[in-house]
């Protein structure tokens, strides 16, 4: 068998594994919702609530080609057809968040199909709302998000995003190990050894953040700040305070952990008040409008997106090095 044939065979097997995982993911969701419908039927005995529950099943598996993925300067990823003029769907998610996994199960396939058909510009913005939760939840959250950012360097963010949610650990379980994160990169089609190196180096940063830096920062803040002030401070504000008070965060510089922390601070600043205020994950915005119950309904989600006007991406495509082939931008960058 020639080298080209072997490569084609490996790719075929990889695609089959991905499709099988997607089918299993959808079946798990349908089983869960089926159980919920049965409970509603027993308790209420009415058809309306059963109909509403069945309306919230997951979208059909999308088997077509993905729209181009474009890494942005801020580390986020835009998935859209080249030159698409469509609503912008912002997806703020934490890989340790069980509700984010639920959104992925219900609407992950919708996102792919809508983007591929030119009906949506999907803007993935991984964040970490559990960063200050310590181990295991905080460490899991940061390791996964940093690894997803590394996958974006190799044009495989969406495929890797799926795998992270497929293998999400429980809140009190150690998970997203370096070995698993590297293996999932290979499963997603990343062959460059630089990915594994980056995952390992980011894991070291996470370890320092969780076991050393944040405990020192929080202890000092508790000793020196009024309780009412400390209670209202976001993590980004606490880190900034620490810089001015002898708690050095320079170990984060240049890391994707820093990128994730910055992204979390950015969404809190961007959607800071009113009906669209960011209050946790998942937060799904269509042209800047925060979704409600539509987040967990495949049917309602599609209707909201398809009825929205065209929007604009508010970030610029990243300039990547020569070792990675960048995707074309789906929309013009802001002036």
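Residue numbers (the UniProt record's numbering): 1 to 335. A virtual CB, placed ideally from N, CA and C, is assigned to each residue, including glycine.
A straight-line Cα-Cα distance of about 6 Å links residue 103 and residue 296. When Cβ pairs closer than 8 Å are counted between the two stretches, the region 221 to 241 is seen not to touch the region 107 to 127, the count staying below three. Under the 10 Å beta carbon count, residue 162 is surrounded by 16 or more other beta carbons and is classified as buried.
The region 147 to 164 makes contact with the region 179 to 193; the number of CB pairs closer than 8 Å reaches 3 or more. About 20 Å separates the beta carbon of residue 261 from that of residue 225, a gap too long to meet the 8 Å contact definition. Exclusion of the five residues before and after residue 98 leaves 168, 171 as the residues of its chain whose Cβ lies within less than 8 Å of its Cβ. In terms of CA proximity to residue 188, 153 leads the group 207, 153, 216. For the beta strand (DSSP E) assignment, the region 238 to 276 encloses no uninterrupted run of at least 3 residues.
Across the set 87, 159, 77, 149, the C-alpha of 159 shows the shortest separation from the C-alpha of residue 63. Annotated three-state conformation of residue 214 is helix, per DSSP. If you draw a straight line from the Cα of residue 195 to the Cα of residue 150, it is about 6 Å long. Rounded to the nearest whole angstrom, the CA to CA distance from residue 305 to residue 89 is 8 Å. Closest by C-alpha distance to residue 107, out of 299, 259, 315, is 299. When the alpha-carbon of residue 87 is set against those of 274, 115, 134, the nearest one is in 115. Per DSSP, reduced to three states, the secondary structure at residue 63 is coil, with no helix or strand assignment. Under the DSSP assignment, residue 182 falls in the alpha helix (DSSP H) whose first and last residues are 178 to 187. At a Cβ-Cβ threshold of 8 Å, residue 130 and residue 141 count as neighbours.
Here DSSP, grouped into helix, strand and coil, assigns residue 219 to helix. Counting the other Cβ atoms within 10 Å of the Cβ of residue 309 gives fewer than 16, which makes it exposed. Counting along the chain, the unbroken beta strand (DSSP E) around residue 124 starts and ends at 121 to 126. Residue 231 and residue 203 have their C-alpha atoms roughly 29 Å apart. Only residues of its own chain outside the window of five on either side were considered, and among them 59, 110, 114 have a CB closer than 8 Å to the CB of residue 302, listed in chain order. Three or more Cβ pairs closer than 8 Å define a contact, and the region 198 to 212 meets that threshold against the region 249 to 260. Residue pairing by DSSP puts residue 92 in a beta bridge opposite 125, 283.
If you draw a straight line from the Cα of residue 218 to the Cα of residue 227, it is about 12 Å long. Taken through DSSP and simplified to helix, strand or coil, residue 305 comes out as helix. Short of 6 Å from the beta carbon of residue 278, and not among the five residues preceding or following it, lie these beta carbons of its own chain, in chain order: 267, 268, 271.
Counting the other Cβ atoms within 10 Å of the Cβ of residue 223 gives fewer than 16, which makes it exposed. Your pair residue 257 and residue 146 checks out as a contact, with CB atoms roughly 5 Å apart and the cut at 8 Å.
Residue environment analysis places residue 283 among the buried positions, since at least 16 neighbouring C-beta atoms fall within 10 angstroms of its C-beta. Look at residue 232 here: in three-state DSSP terms it is helix.
By the 16-neighbour rule on beta-carbons within 10 angstroms, residue 275 is exposed.
By the criterion of a C-beta distance shorter than 8 Å, residue 287 is surrounded in its chain by 87, 88, 308, 309, 311, once the five residues flanking it on both sides are discounted.
Per DSSP, residue 77 is one residue of the beta strand (DSSP E) stretching across 77 to 79.
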